[in-house]
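The block underneath contains the structure these notes are about, expressed in structure tokens.
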Amino acid sequence: METAVGVFAQRDAAEEALKKLLEGRVPEESIVYLTRSESEAKSMGKQIGLFAGSFVGGAAGLSAGVAAAMLLSVPGIGQVFALGIGAAAFLGLVGARSGAAIGSGVGHQESAPTPTSGTGSEEDVAFFDKVLNEGHSLIVVRTDSPQVAASACAILDSLAISMRKDSGKKSSVSARVLDHAVALDFSGKITLNEGTYQLREAVQNLLQEGSNRILLNLQDVQQIDSAGLGELVRAHTTIRRHGGILKIVALSKGVQDLFRITKLDRVFEMEADEDSALRSVRQDSASAKSAD
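For the sequence shown, our numbering begins at 1 and goes up steadily by one.
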């Protein structure tokens, strides 16, 4: 499963991306549009044509009877609108209760589905929520198809990712054991078909070995595409679900600029260097122990 993420500061760009995704034969069930704004959710739903009728305040029928809009309600976070036929699949990603009402009464807090306790879903929604709170919207595409993933990445990269293409050295990752953590040194690029798989495999291997405090060194990474952002999100939430900590260390200037523009610098735990990251890991571990 590949996940591509596009972060948009302007509704026009997000709307254009949605249209191009549908025109490019990306299945509707693979696409989710996320926003904090109810008015924006309603407007985008009408413009793109993913829904039939109004869904706010007691919706009529939804397109083909398929769930098209859902309001996530997370204690301490608030409301997040997930639009699109793929909303149910997205809720599966974040672990929300599968039997919750969709469509009818979306505008009411009491009808909103809440994440099931113990799944780690609160962290997933909070991850995106920090970006949404900045007034940005997100498009998430999840697919098992290499062709669909490539099409979605090309569209989201052109409209949401401004990094220059890098044709430099081949992607690679190596691990180093440190005091209280393991460092993953990544070089090359984290992009679809080159980098995402290496990162996923490296994280899975460390977790299987019982290492869940991970420093991801991106000093030698020159390019990240929308699939790369999706893989970083996956790494973050997977490590957290295993009770671990992910620190992103020593970003290259290009990656640092990308995170700043997309507001992901507000989301990932980032440190300037390895020493700072290790101090932070020790502090987090001590805080967790005292909380127990």
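We put the beta carbon where it would ideally sit given N, CA and C, even for glycine.
Per DSSP, the beta bridge partners of R213 are I245. For R260, the enclosing alpha helix (DSSP H) covers residues 253 to 262. Sixteen is the threshold: when 16 or more other Cβ atoms of the shown chains lie within 10 Å of the Cβ of R234, as they do, the residue is buried. A straight line joining the alpha-carbon of V148 with that of F8 spans about 21 Å. DSSP, read as helix, strand or coil, puts E15 in helix.
The region 137 to 153 makes no contact with the region 277 to 284, as fewer than three CB pairs between them are under 8 Å. Within the model, the alpha-carbon separation for E231 versus E271 is close to 19 Å. Distances from the alpha-carbon of E194 to those of S285, V221, N212 put V221 closest. Counting only runs of 4+ residues, the alpha helix (DSSP H) found wholly inside the region 129 to 165 occupies 146 to 160, in chain order. Distance between V267 and L207, taken at the CA atoms: about 22 Å.
Ranked by how close their Cα comes to the Cα of K46, the residues L18, V26, L251 have L18 in first place. Straight through space, the alpha carbons of E28 and V255 are spaced by roughly 30 Å.
In the DSSP secondary-structure assignment, E2 is bridged to T143. Per the DSSP secondary-structure output, K189 pairs in a beta bridge with Q223. Per the DSSP secondary-structure output, F8 pairs in a beta bridge with S137.
Ranked by how close their Cα comes to the Cα of I155, the residues G24, T3, Q10 have G24 in first place. For the set D257, I139, K263, the Cα lying nearest the Cα of T3 is the one of I139. The C-beta separation of G244 from R282 comes to about 14 Å, leaving the pair out of contact by the 8 Å criterion. Counting other Cβ atoms within 10 Å of its Cβ, Q10 stays below 16 and is therefore classed as exposed.
The distance from the Cβ of S211 to that of V182 is about 5 Å, consistent with a contact at the 8 Å cut-off.
The residue from T143, C153, K130 with its alpha-carbon nearest to that of K20 is C153. In its chain, beyond the 5 residues on either side, L184, I248 have a beta carbon closer than 6 Å to the beta carbon of L216.
For the pair D157 and Y33, the Cα-to-Cα distance works out to about 16 Å.
Rounded to the nearest whole angstrom, the C-alpha separation of E40 and I239 is 33 Å. By alpha-carbon distance to E16, the top candidate from S137, L258, K189 is S137. Nearest in C-alpha terms to L246, of all of D12, L199, V5, is L199. Under DSSP, no beta-bridge partner is assigned to S43.
In this structure T35 touches L132 by the C-beta definition: roughly 6 Å separates them, less than 8 Å. Secondary structure of G230 (DSSP, three-state): helix.
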